[in-house]
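Data first, discussion second: the structure below is written as structure tokens.
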């Protein structure tokens, strides 16, 4: 079994090697699957993420969600290795923040994590058992321990591995959506 760092490097290389055209097609399939998801349809308060390093781009979905849902995005607190969640009303509420990620402006209200119904979570590697490996700083793992929301990891099919070693602090997903399938943590 490959270690986390080896898996990260391998999958990041694959993500970067995707053509823009192929990535866009896959992103559209993922967004279409989310839009049809009954939990997404019924959720009022949703945590999204802004894509970096070849992650699925949710911008079209966020634009639609802003019309009818409470849209939350993370803001990185690099000093404390943590993310805080803020509500946005428009994509104009974003600025380039830590790690060159689009984040909510300072004026956007900070939200109690317990108010989130559904969270879309990025990652580098996911397993068939809904384990997740991110960039290794633990930002999302620490944050997710504060909320009981339903967690959906979003990935491309090549990011899914049969199994991988996890640590006690790694928070599993409830579900993973790729362009090809949905995996539920049962």
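In my numbering, the protein residues as written are 1343 to 1528.
Even glycine gets a Cβ: it sits at the ideal position worked out from N, Cα and C.
Excluding sequence positions up to five before and after residue 1453, its CB lies within less than 7 Å of the CB of 1414, 1427, 1428, 1429, all in the same chain and listed in chain order. Residue 1501 has its alpha-carbon roughly 14 Å from the corresponding atom of residue 1369. Membership of residue 1414 in the beta strand (DSSP E) is indicated by the continuous run 1412-1419.
Taking 9 Å as the cut-off, the beta carbon of residue 1479 is found no closer than this to the beta carbon of residue 1515. Remark: three or more beta-carbon pairs, one from each stretch, lie closer than 8 Å, so the segment 1456-1470 and the segment 1496-1511 are flagged as touching.
Beta bridge pairing from DSSP links residue 1495 with 1463, 1518. Distance from the CA atom of residue 1466 to the CA atom of residue 1398, rounded to whole angstroms, is 11 Å. With distances taken between CA atoms, residue 1462 lies nearest to 1379 out of 1446, 1442, 1409, 1379. Within the same chain, and ignoring the five residues on either side of residue 1396 in sequence, the residues whose Cβ sits closer than 8 Å to its Cβ are 1354, 1357, 1358, 1360, 1365. Beta bridge pairing from DSSP links residue 1502 with 1468.
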